[in-house]
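**Q**
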Amino acid sequence: MKGIWKRLAALAMVLALVAGLAACTGGDNSSSGSSSQGGSSSSEGSAADSSTASTPDDGEKQTSFKIFAGVSELSPDNSEKPIVQQMNEAKGVTIEWNCVSGDTLTEKKNLMLNAGSDSMPDAFMAAQLKDAEIMTCGTRGLFIPLEDYINEETMPNLMSVLEVRPDALAACTMPDGHIYTLPNFGEMGFEYKDGNTYEIGSIPQFTCINTKWLKAVNKEMPKTIDELHDVLVEFKNQDVNGNGDPNDEIPLSFIFPWDNGAWCANMTTLWAPFGCTDYNEDHRAIKDGKVYYQAASEEYKNALAYFHGWFEEGLIDIEVFSQDSSQYIAKGNGEDARLGTFVWWEIPEVVGYDRAEDYAYLPVLDGPDGTHHVNLNQTSTVSRDQFAVTSACKDPKTLLNWVDQMYDPMISMQCNYGPIGVFFDETPDEKGVYNTIELKEGETEGELKSKSELLGPTRQLTEDYGKYFYMEARAQQRLDDLRDFWFNYVDSTESYPNVVYTEEEIDVINDRLSDLKSFTEERASHWLRDGGIEAEWDQYLKDLDSMGLQDVVGAWQSAYDRYAEALK
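When you line the sequence shown up against mature numbering (1 follows the signal peptide of the UniProt record, and there is no 0), it's residues -22 to -1, 1 to 546, in that order.
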């Protein structure tokens, strides 16, 4: 890490800030976070004393704030959530929420950012801010620097996390030396037999198949892509769900392309037979230290060309281009089983616990040449984009003190999953640790979490499991599935790290990447639906280059090279 700081002088202030935070820590056990339901304090016995540098005097006091927030598609408005009401009462503030989910989140966020200060809320929370947006809005003065507020007076709960994760500030620092956003700490991984720890999102898309239908059509579990094709043909042509309607079965469904919010429902695990798994939403991939645009590769082209044939045959759900996750899940939870094969990060959330017994994971399939290639998704335990305060806010200190409650371990637990008494049992066990509540009939943990969670800057540290709450059963199951099943098919564990870009690199990425991705998504949808990729591919590559693809890849590569050099 010292090499990074030597090469990026802009991060020098981070070192000074971290050192300052460490120097100010003391031994009192006070807590200014409001733990709920009798939970423990946020300080965990190591909170800094009150001698830290004071927060800037913000002048005008404010107790009512406007926040633009991302929520899950099943979520009610944040104002209806008990944990929000508790946080408001603890700090004497009210929040006017503008909650957005799904496809409209990016659109509405962009409209606000492009309109400038006249339409700014006081803050953006869980709004999927890109690095380029953070840097641009920061240098334009739309987002305010936060580093002077990160102290024991204003943000004691974040301070307690930084005591054990001091490097997190470096991940949040932009090239100009300022911190414009607050992080989320999401540590959830497993140790593999190679001795390394891999995060829960390393393989985001699990392909699942109806084994009851396999038996009905007298087929074995497919091992190759062509064998799966033959199975899907049978699913399409027979009344395998036995309801008397031979036309309501959907052989294969997913959500496509990336801009439909398909992080765990895209089809790209099925692309492994053709040499790639395009898991990254920027289509960024790396091999032997060389960064490239996956959507400009021969493997990408060959996969789309092949699966267009499936679409023509009616093996692929015609709604893959338009459905959102709630519509997708509704298909699996209907009165009759309709999905032969689908993609998600677990089985029960899509089809329900009872029907889940009829499904199993589809192995990674071999392609026409008898091979496959699975690479890992880019993951990070620190997300730096979770909360930004805008220039419209008259009292950042009060707002940041309010949101700091989300770093309290007991409050954070309920933000990440749901309230005590709703997601967790009313009382902890004999060790003082909370268990997940017994689910109602037909209810899944995923559905309950989506309806209850408060997305934003929270903590989920490795040491929190078994101390405040037990890891969600389905999360532990996913880690087990990754370790015991999916990682058996991984061909390369190399992935692009969480790098720090220079201001010039951010400008390049900001100027070009969005248009490149939109163009790629439009072309990919067209080729899957209508075909023609072979005839149009060369022109597509020329168009990508004319739009600045090589400049973006160059920025990615330069940032990676600095990161790799710093590790030597």
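Cβ coordinates follow ideal geometry from the N, Cα and C atoms, glycine included.
Quick one: grab the DSSP three-state call for Met384.
**A** helix
**Q** Should Arg501 go down as buried or exposed, given a rule of 16 or more other Cβ atoms within 10 Å for buried?
**A** Per the 10 Å Cβ criterion, buried.
**Q** Tell me which same chain residues have a C-beta within less than 8 Å of the C-beta of Gln106, skipping the five on either side of it?
**A** Same-chain partners within the cutoff: Gly48, Leu83, Thr84, Lys87, Asp363.
**Q** Under a three-way DSSP split, which group does Gly525 fall into?
**A** The question names Gly, but residue 525 in the sequence shown is Met. Met525 falls in the coil class under three-state DSSP.
**Q** Rounded to the nearest angstrom, what separates Asn488 and Asp529 at their Cα positions?
**A** 11 Å
**Q** Buried or exposed, going by whether 16 or more other CB atoms sit within 10 Å of the CB of Ser430?
**A** buried
**Q** Does the contact criterion of 3 or more C-beta pairs under 8 Å hold for the segment 188 to 201 versus the segment 459 to 478?
**A** no
**Q** DSSP three-state call for Cys242: helix, strand or coil?
**A** In the structure shown, Cys242 sits in coil (DSSP, three-state: anything other than H, G, I, E or B).
**Q** Reducing DSSP to helix, strand and coil, say where Ala315 ends up.
**A** coil
**Q** Please give me, in chain order, every unbroken run of the alpha helix (DSSP H) with length at least 4 that falls completely inside the segment 71 to 159.
**A** 82 to 93, 109 to 117, 134 to 142, 146 to 150
**Q** Just the Cα atoms here: how many angstroms apart are Leu52 and Cys242?
**A** 16 Å
**Q** Go ahead and pull the three-state DSSP assignment for Thr414.
**A** Correct three-state label for Thr414: strand.
**Q** Which residues in the same chain as Arg333 place their Cβ atom closer than 7 Å to its Cβ, once the five residues preceding and following it in sequence are excluded?
**A** Ala315
**Q** For a test of the three-state rule: what should DSSP assign to Ala281, helix, strand or coil?
**A** helix
**Q** Using C-beta distances below 7 Å, list every residue in its chain close to Met152, excluding the 5 sequence neighbours before and after it, in chain order.
**A** Ile112, Met113, Gly116, Tyr158
**Q** Check for me: the beta strand (DSSP E) holding Pro229 runs from which residue to which?
**A** 228 to 231
**Q** So, at 7 Å on beta carbons, what are the nonlocal neighbours of Glu169 in its own chain, with the 5 sequence-adjacent residues on each side left out?
**A** Thr175
**Q** Do you know offhand how far Val400's Cα is from Glu514's?
**A** Straight-line Cα distance between these residues: approximately 53 Å.
**Q** Using 8 Å as the cut-off, can you tell me whether the segment 518 to 529 makes contact with the segment 249 to 260, which would need three or more C-beta pairs spanning the two stretches below that distance?
**A** no
**Q** Roughly how many angstroms lie between the CA atoms of Val360 and Gly532, to the nearest whole one?
**A** 24 Å
**Q** Output needed for Gln535: all residues of its chain with C-beta closer than 6 Å, excluding positions within five of it in sequence on either side, in chain order.
**A** Closer than 6 Å at the Cβ level, and outside the excluded window around Gln535, lie Val269.
**Q** Restricting to Cα atoms, I'd like to know which of Thr498, Gly179, His207, Ala68 is closest to Lys323.
**A** This sequence places Trp at residue 323; Lys is not what is there. Selected option, being the one with the closest Cα: Gly179.
**Q** Cβ atoms of Leu545 and Met525: under 7 Å apart, would you say?
**A** no
**Q** Starting from Asp459 and walking both ways along the alpha helix (DSSP H), at which residues does that stretch end?
**A** 451 to 462
**Q** Under three-state DSSP, which class holds Lys268?
**A** strand
**Q** Is the segment 118 to 133 touching the segment 420 to 428, taking contact as three or more C-beta pairs under 8 Å?
**A** no
**Q** Are the CB atoms of Gly119 and Ser369 within a distance shorter than 7 Å?
**A** yes
**Q** Kindly give me the distance between the Cβ atoms of Thr436 and Asn394, rounded to whole angstroms, as I take these residues to be in contact under 8 Å.
**A** Correct: roughly 5 Å between the Cβ atoms.
**Q** For residue 547, which option in Thr246, Leu147, Lys375, Phe289 has the closest C-alpha, if you only look at C-alpha atoms?
**A** In this structure the chain extends from -22 to 546, so residue 547 is not present and cannot be described.
**Q** Starting from Thr185, follow the beta strand (DSSP E) in both directions and report where the run begins and ends.
**A** 184 to 188
**Q** Return the CA-CA distance between Glu38 and Lys44, expressed in angstroms with no decimal places.
**A** 16 Å
**Q** Determine, using beta carbons only, whether Leu160 and Phe365 come nearer to each other than 7 Å.
**A** Result yes, Cβ atoms of Leu160 and Phe365 sit closer than 7 Å.
**Q** Given a cut-off of 7 Å on the beta-carbon distance, is the pair Thr471 and Leu354 in contact?
**A** Going by C-beta atoms, Thr471 is nearer than 7 Å to Leu354.
**Q** Are Tyr385 and Pro475 touching if we call contact CB-CB under 7 Å?
**A** no
**Q** Between which two residues does the alpha helix (DSSP H) carrying Glu431 extend?
**A** Premise fails: Glu431 is in no alpha helix (DSSP H) and is neither H nor E.
**Q** With DSSP as the reference, label residue 554 as helix, strand or coil.
**A** No answer is possible for residue 554: the residues shown for the chain start at -22 and end at 546.
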